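In what follows, a single structure is set out as structure tokens and then discussed.
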Amino acid sequence: MHTQVKYYHPYISPFDPCPPIRVKSYQTPPNLYLGFQPPNLEQYPPKQALYCGTLWPALFSPYPNPQGRDEYE
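The following block contains the structure:
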């Protein structure tokens with residue numbers, strides 16, 4: 367199973383006047399890991415699909431919550 371959040375360690379210059387951010391992250395869309403749409407893919411009910419913004423749970427990718435709470439899981 368692939369994760370949608372990736373992490374990397376950027377170069378930290380010894381001459382940078384700002385405090386370094388040692389680990390940075392970014393998100394990748396779930397469709398990168400789904401080569402094609404398989405038949406009989408699970409679907410959300412209509413109300414939940416409107417809330418999530420997609421009909422298929424395999425393509426759901428929530429925006430990161432700025433408060434750090436997971437409301438979608």
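Note that the working numbering has the sequence shown beginning at 367, numbered continuously upward.
No residue lacks a Cβ here, since even glycine has one placed at the ideal position from N, Cα and C.
As the structure is a computational prediction, the values presented were derived from the model and not from experiment.
Who does residue i pair with in a DSSP beta bridge?
i      : result
Gln393 : Val371
For the alpha helix (DSSP H) that residue i lies in, which residues bound it at each end?
i      : result
Pro404 : Run containing Pro404: none; DSSP gives neither H nor E here.
Gln414 : 412-418
Indicate whether residue i and residue j have their beta-carbon atoms separated by less than 8 Å.
i      : j      : result
Cys418 : Tyr410 : yes
Tyr399 : His375 : no
Ala415 : Leu407 : no
Tyr373 : Val389 : yes
Exercise. Contact between the segment 388-396 and the segment 420-429: three or more CB pairs below 8 Å?
Worked result: They touch, by the three-pair rule.
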